[in-house]
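Visitor:
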Amino acid sequence: QAKSGGKNTYRFFDPEMQKAVLTRITLETELRHAVVREQFILYFQPQVNNLNQYIGAEILIRWQHPTQGLISPAAFIPLAEETGLILPMGFWVLEQACQQLARWAVDPLFAHLTLSVNVSAKQFGFPSFEHEIEQLLAEYKINPNRLKIEITESLLLDNTEVVIKKMNAIRQQQVTFSIDDFGTGFSSLSYLKRLPLEQLKIDQSFIQDILSNPKDAAIASTIIALGKNLCLTVIAEGVETQAQQKLLESMGCLTYQGYLFGQAMKMTDFEHLINTQAIAK
Ligand code: C2E
Ligand code: MG
Ligand code: MG
Ligand code: MG
C-alpha cells in the first residue's frame, strides 16, 4: 500500500492507524503472556431447573489483566481465535472444568452438577480437539455426562461433514452438546436431526423482551416445542425476571440461566450457593 504512490503514501504513517496497529500488537503480546502465565479466571453462572434447584453452571472466562483489571471475553476471544491462542486457552478452560468436576464427584452435594464450556468454532476445528477431550476424560476420570460443550451454529458453516463426524466421536465419549445462542445463526433445521445434540440454548435476545414482544415470545415458544419434539433439553439464557421465567415455564421450558438466578461468579461463591441451598432444604 505504501508503494501505491501519490497522496496515499502518507496514509502508511497515519498516527491513528499506527496507534491501532500498535494496540493490536500490544494486546496480542499481552495475551500471549497471559496464556503462559495463566492470567485468566473462570466465573460460574448457575443454571436451575423448574423447581429453582441448581443443576450446574456455565463457565465464563475473564482475563485478569495486570493493569486493566478484569477484561470480558468479548474483548479478547476474537483475537485469541485469530492468533491461535484460543487453542492453549481453550484447553486450559476444559482442563479446569474437568478438574472441578473431579473434585465435585466425591461430594454428594455437588456430584450431580454439570458444567457447560464454551468452545469456539476455531478451537473445535483443530484436529487435536477430540483427542484433547479424550485425554482429559482419561486423566480426570470424570463422568463425561457432566461435561457439556456449547457450540454455536457458525461452527456448521464450513466443513459440515467433518464437524458432524467430530461431534459424533465426542458424543460417543458421552460428553454432551448444547447449541448456544440458538436462533441467531444460520444453520438449517435439517442439521438438528443430524447432530448428536443434547440441548438447545435459547439466545438471550429472544428472552429480553419476551413479555412485550409477541414475536420474541413466538420464537421462544417455537424453540421450546422444537426441542421437546426432538427430545432435546431446552435452556433459556438471560432470564432476569420472575415474569419471564413464568412465561417460559408456561411454554414448557424446564431449565434457566440468567441474572434472576445469579450472575457469573467466582467458584467459591457458586459452591457457597449450592451449600446454602442444601441447608435450606
Ligand atoms: P455466551 O456463551 O452466550 O454467554 C452468555 C453471556 O451473557 C455471558 O457474558 C453472561 O455473563 C451473560 N449473561 C448471562 N445471564 C445474563 C442476563 O440475565 N442478562 C444479561 N444481560 N446478560 C447475561 P460473558 O461472560 O461476557 O461472555 C460473553 C461471551 O464470551 C459468551 O457468550 C461466549 O460466547 C464467550 N466466552 C466466554 N467464555 C468463553 C470461553 O471460555 N471460551 C470461548 N471460546 N468463549 C467464551
Ligand atoms: Mg455460552
Ligand atoms: Mg449464549
Ligand atoms: Mg454468545
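Per full-length UniProt numbering, the sequence shown starts with residue 814, numbered consecutively.
Beta carbons are placed, not taken as given, at the ideal position from N, Cα and C, and that holds for glycine.
Under the three-state reduction of DSSP, which class applies to P886: helix, strand or coil?
Guide: Three-state DSSP puts P886 in a helix.
Visitor: Can you tell which of L873, F889, Y856 has its C-alpha closest to the C-alpha of S847?
Guide: A small correction: the amino acid at residue 847 is Ala; Ser does not occupy that position in the sequence shown. Nearest option by C-alpha distance: F889.
Visitor: What are the start and end residues of the alpha helix (DSSP H) that includes N931?
Guide: From DSSP, N931 is part of no alpha helix (DSSP H) but of the beta strand (DSSP E) over 927 to 931.
Visitor: Leaving out the 5 sequence neighbours to the left and right, which residues in its chain are closer than 8 angstroms to K1041 when beta-carbon positions are compared?
Guide: Once the five neighbours on either side are set aside, the close Cβ partners of K1041 are V1047, G1065.
Visitor: Would you say F857 and I872 are within 8 angstroms of each other, going by their C-beta atoms?
Guide: Closer than 8 angstroms, so yes.
Visitor: Buried or exposed, going by whether 16 or more other CB atoms sit within 10 Å of the CB of E1050?
Guide: Buried: at least 16 other Cβ atoms inside 10 Å.
Visitor: Compute the minimum distance between the beta carbon of E963 and the heavy atoms of ligand 2, and state whether it is under 7 angstroms.
Guide: Yes, the Cβ of E963 comes within 7 angstroms of a heavy atom of ligand 2.
Visitor: Could you check what DSSP says for Q909 in three-state terms: helix, strand or coil?
Guide: Q909 falls in the helix class under three-state DSSP.
Visitor: Assuming the contact rule is C-beta atoms closer than 8 angstroms, K961 and E894 should be a hit. Round their C-beta distance to whole Å, please.
Guide: At roughly 21 angstroms, the Cβ-Cβ gap does not stay under 8 angstroms, so K961 and E894 are not in contact.
Visitor: Is it true that the CB of G1075 sits closer than 8 angstroms to the CB of P886?
Guide: No, they are not a contact pair.
Visitor: Where in the region 929 to 979 do unbroken runs of the beta strand (DSSP E), each at least 3 residues long, occur, reported from the N-terminal end onward?
Guide: Entirely contained in the region 929 to 979, the beta strand (DSSP E) runs reaching 3 residues are, in chain order, 960 to 964.
Visitor: Is A924 a contact residue of ligand 1, with contact defined as CB to any heavy atom under 7 angstroms?
Guide: For ligand 1, not one heavy atom lies less than 7 angstroms from the Cβ of A924.
Visitor: Is I1015 closer than 8 angstroms to I1036 when the C-beta atoms are compared?
Guide: Result yes, Cβ atoms of I1036 and I1015 sit closer than 8 angstroms.
Visitor: Starting from the Cα of F923, find the closest Cα among N931, L914, L900 and give me that residue.
Guide: Of the candidates N931, L914, L900, the one whose C-alpha sits nearest the C-alpha of F923 is L914.
Visitor: Please say whether L969 and V976 have beta carbons closer to each other than 8 angstroms?
Guide: Yes, they are a contact pair.
Visitor: Out of curiosity, what's the CA-to-CA distance linking S1034 and W905?
Guide: Approximately 36 angstroms between the Cα atoms of the pair.
Visitor: Using 10 angstroms around the beta-carbon of M980, count the other beta-carbons present and answer buried if the total reaches 16, otherwise exposed.
Guide: Its Cβ being crowded by 16 or more others within 10 Å, M980 is buried.
Visitor: Using a Cβ-Cβ cut-off of 6 angstroms (strictly less than) and excluding sequence neighbours within five positions of E851, which residues of its own chain qualify?
Guide: For E851, where only same-chain residues beyond five positions count, there are no Cβ hits under 6 angstroms.
Visitor: Check L1043 in the structure and name its three-state DSSP category.
Guide: Looking at L1043 - three-state DSSP - the assignment turns out to be coil, as it is neither helix nor strand.
Visitor: Taking the alpha-carbon of L1008 as reference, which of F999, N1026, K978 has the nearest alpha-carbon?
Guide: Minimum Cα distance to L1008 is reached at K978.
Visitor: On the premise that W917 lies in contact with L926, defined as a C-beta separation below 8 angstroms, what is that separation, rounded to the nearest angstrom?
Guide: Yes, they are in contact, since the Cβ atoms of L926 and W917 sit about 6 angstroms apart, within 8 angstroms.
Visitor: Mind pulling the alpha helix (DSSP H) runs of 4 or more residues that sit fully within the region 1020 to 1074?
Guide: DSSP runs (the alpha helix (DSSP H)) wholly in the region 1020 to 1074: 1027 to 1042, 1055 to 1063.
Visitor: F999 to T973, Cα distance in whole Å?
Guide: If I take the Cα positions, the gap works out to 13 angstroms.
Visitor: For L1013, report the span of its beta strand (DSSP E) as first-last.
Guide: Here the beta strand (DSSP E) through L1013 covers 1012 to 1015.
Visitor: Find out if the Cβ-Cβ distance for the pair Q987, I946 is shorter than 8 angstroms.
Guide: Against a cut-off of 8 angstroms, the Cβ pair of I946 and Q987 comes out as no contact.
Visitor: Quick check: what's the CA-CA separation for M830 versus I1087?
Guide: Approximately 50 angstroms, taken between the alpha carbons.
Visitor: So, at 7 angstroms on beta carbons, what are the nonlocal neighbours of I884 in its own chain, with the 5 sequence-adjacent residues on each side left out?
Guide: Cβ within range, chain order: R875, W876, H878.
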